[in-house]
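Novice:
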Amino acid sequence: MYNSMEQMLYNEYGIQVQSLQQIPAGWSASAWKVHSECGDYFLKVYDKHKPSTRNWIARIDSYMPVVLWLHENTKLQKKMTAPILTRDRTYKKEDSSFLYMVFPFIEGSTICDEKLKPEQIREVAQIISKLHFHGAEIPASTNSLIETFDVSFCTTLSNRLGNIHASASLQEVLKPYMTLLAQATESLQSMGLLLQNSKMRYVMCHTDLHGWNLIQSKNLILIDWEGLKLAPVEADLFSFTGTFFFDYAWEDFMSIYQTTHKDYQINVEAMRFYRLRRRLEDIHEFVESILFDKLTQDDMNQSLRYLKQECELLHVMC
C-alpha cells in the first residue's frame with residue numbers, strides 16, 4: 001500500500017508533487033488537482049471500500065482500452081480525455097484500498113447545470129456524431145461493452161424498497177413514490193426482455209452526457225468515459241429528450257447529428273428504455289449510497305434532496 005498519493009505519483013508516474021487540491025467530483029471517485037514543476041494533472045481515486053464504487057472499478061479494464069484506442073486513432077483526440085500511462089505503460093495503479101488514474105488537467109470551466117450555448121450544442125453534436133461512426137469493428141476488444149439491456153439492479157432496488165423502514169429519512173422521501181417505483185421497475189424489466197430480442201445497430205456510446213461531463217476549454221471536451229458501451233444510439237440521444245439534461249437542445253442537436261447520420265430514425269422502444277433506465281439507475285445509486293456509504297450529514301442531506309428530485313422527475317415521465 002502506498003504511504004501517500006504523493007508517493008504513488010512519484011513512484012509510478014515520475015511526478016514530483018508540489019501540492020494536491022481536492023476538487024468537486026461525481027459519486028464514482030474522488031478528484032484531485034496535482035500541481036508539479038512539469039505541469040498540472042488530474043488524479044482520480046476510487047475507494048475500494050465504498051460499496052457504490054465497486055461496479056465502477058470492475059468495469060475499468062473493459063472500457064479503458066477502447067477509450068485509449070479512440071483517443072489515439074480517431075478525430076476525437078482533442079475532444080475527449082484519456083489517462084496518462086504509468087512508468088510501466090499501464091493506465092491505472094492500485095493498492096489494497098484505492099485505485100488511481102492520472103489524466104492531463106484541463107484548463108477550463110465545467111458546464112455543470114448551465115444551458116449549452118448554440119456553439120456548444122454544435123460541438124456536442126459533432127463529438128457524438130464522430131463517436132457513433134465507430135462500432136465493433138475497432139481493433140480493441142468490445143465484447144464486454146455490448147449492451148445486454150441488463151436491469152438486474154431493479155431486483156436490488158425492489159429489495160431495498162421492501163425494507164425501507166430501515167432508514168427513517170429514506171422512508172420519508174420514498175413513501176409517496178412506492179407504487180410508482182414498483183410499476184416503473186416492472187415496466188423496465190419488460191422493456192429489457194423485449195429489446196434483448198430486437199435487431200438494432202450498435203455503436204460506441206458514451207451513455208453519460210450531461211453538463212458535469214463537459215468542460216469548455218479551447219474547445220468543448222467530453223470527460224468521464226466510465227459508461228462507454230456498444231449500444232443503440234439512443235443510449236446517448238436520450239440526454240436530449242424531455243426532463244433530461246439537454247432537452248431544450250433536441251432540435252438543434254439533431255439538425256447537426258443528422259447531417260452525418262442521414263438515415264437515423266428514432267427507435268421509440270429503445271428511447272423509452274434508456275430514459276426509464278437512467279432515471280431508475282440514479283434512484284438506485286442514491287438509495288445504495290444513503291444506506292451504505294457512511295455519508296457525512298451534509299452529503300446525506302444533499303443525496304436525499306437529489307433522490308426526491310429524481311423521484312419527482314420519474315413521476316413526470318410516467
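Number 131 in the UniProt record's numbering belongs to position 131 of the sequence shown; there are no gaps in the numbering.
Where is the CB? At the ideal position from N, CA and C, for every residue including glycine.
Are residue 120 and residue 220 close, meaning C-beta to C-beta below 8 Å?
Specialist: Yes, the Cβ-Cβ distance between residue 120 and residue 220 is below 8 Å.
Novice: May I ask you to verify whether the segment 203 to 214 touches the segment 98 to 107, counting CB pairs closer than 8 Å and requiring at least 3?
Specialist: With a cut-off of 8 Å, the segment 98 to 107 and the segment 203 to 214 do not count as touching, because too few Cβ pairs lie within range.
Novice: Grab the span of the alpha helix (DSSP H) containing residue 44 for me, first residue to last.
Specialist: Not the alpha helix (DSSP H): residue 44 falls in the beta strand (DSSP E), residues 39 to 47.
Novice: Can you say whether residue 194 is buried or exposed, counting buried as having 16 or more other CB atoms within 10 angstroms of its CB?
Specialist: Exposed, since its Cβ has fewer than 16 Cβ neighbours within 10 Å.
Novice: Per DSSP, which residues does residue 112 bridge with? Please list them.
Specialist: Bridge partners of residue 112: none, in fact.
Novice: Just verifying my parser: in three-state terms, what is the DSSP assignment at residue 82?
Specialist: Note: residue 82 maps to coil in three-state DSSP.
Novice: How big is the Cα-Cα spacing for residue 124 and residue 212?
Specialist: Rounded to the nearest angstrom, the two C-alpha atoms are 13 Å apart.
Novice: Would you mind working out which of 12, 110, 21 and 146 sits nearest residue 214, comparing C-alpha positions?
Specialist: When each option's Cα is compared against that of residue 214, the closest is 110.
Novice: In chain order, what residues of the same chain lie with their CB nearer than 6 Å to the CB of residue 146, ignoring the 5 residues before and after it?
Specialist: The residues are 230.
Novice: Between 177, 278 and 129, which lies nearest to residue 255 when the distance is taken from Cα to Cα?
Specialist: If we check each option's Cα against that of residue 255, 129 comes out closest.
Novice: Mapping DSSP to helix, strand and coil, what is residue 91?
Specialist: In this structure, residue 91 counts as coil in the three-state DSSP scheme.
Novice: For residue 10, I'd like the list of residues in its chain whose CB is within less than 8 Å of its CB, leaving aside the five on either flank, ordered along the chain.
Specialist: Taken in chain order, the residues that qualify are 16 and 17.
Novice: Measure from the alpha carbon of residue 311 to the alpha carbon of each residue in 298, 31 and 172, then state which is nearest.
Specialist: Among 298, 31 and 172, the Cα nearest to that of residue 311 is on 172.
Novice: Using 8 Å as the threshold, is the C-beta distance between residue 286 and residue 303 below it?
Specialist: Yes; because the gap between Cβ atoms is below 8 Å, this pair is in contact.
Novice: What's the call for residue 232, buried or exposed, on a 16-neighbour Cβ count within 10 Å?
Specialist: It is buried - the Cβ of residue 232 has at least 16 other Cβ atoms within 10 Å.
Novice: Relative to the C-alpha of residue 192, which residue among 153, 306 and 95 is closest?
Specialist: Residue 192 has its Cα closest to that of 153, out of 153, 306 and 95.
Novice: Cα-Cα, which of 281, 270, 37 and 95 is closest to residue 45?
Specialist: Ranking 281, 270, 37 and 95 by Cα distance to residue 45 puts 95 first.
Novice: So, are the CB atoms of residue 142 and residue 66 less than 8 Å apart?
Specialist: It is a contact, given that the beta carbons lie within the stated cut-off.
Novice: What are the start and end residues of each continuous alpha helix (DSSP H) run of 4 or more residues lying completely inside the segment 124 to 189, in chain order?
Specialist: Entirely contained in the segment 124 to 189, the alpha helix (DSSP H) runs reaching 4 residues are, in chain order, 153 to 162 and 168 to 174.
Novice: Would residue 80 and residue 237 be called neighbours here (beta carbons separated by less than 8 Å)?
Specialist: Their beta carbons are not under 8 Å apart, which means residue 80 does not touch residue 237 by this criterion.
Novice: Drop a sphere of 10 angstroms on the beta-carbon of residue 52, count the other beta-carbons inside from all chains shown, and report buried for 16 or more, exposed for fewer.
Specialist: That one is buried.
Novice: From residue 78 to residue 116, what distance separates their C-alpha atoms?
Specialist: Cα-Cα distance, rounded: 19 Å.
Novice: Would you mind sorting residue 39 into buried or exposed? The rule is 16 or more other CB atoms within 10 Å of its CB.
Specialist: Its Cβ having fewer than 16 others within 10 Å, residue 39 is exposed.
Novice: Using a Cβ-Cβ cut-off of 6 Å (strictly less than) and excluding sequence neighbours within five positions of residue 282, which residues of its own chain qualify?
Specialist: So the list reads 310, once near-sequence residues are dropped.
Novice: Alpha carbon to alpha carbon, how far is residue 168 from residue 246? Give it in angstroms, no decimals.
Specialist: Roughly 34 Å between the two C-alpha positions.
Novice: Is the CB-CB distance between residue 87 and residue 12 below 8 Å?
Specialist: Yes, Cβ-Cβ distance for residue 87 and residue 12 is below 8 Å.
Novice: Could you round the C-beta distance between residue 267 and residue 234 to whole angstroms and report it? I think they count as a contact, below 8 Å.
Specialist: Residue 267 to residue 234, Cβ: 6 Å. Contact.
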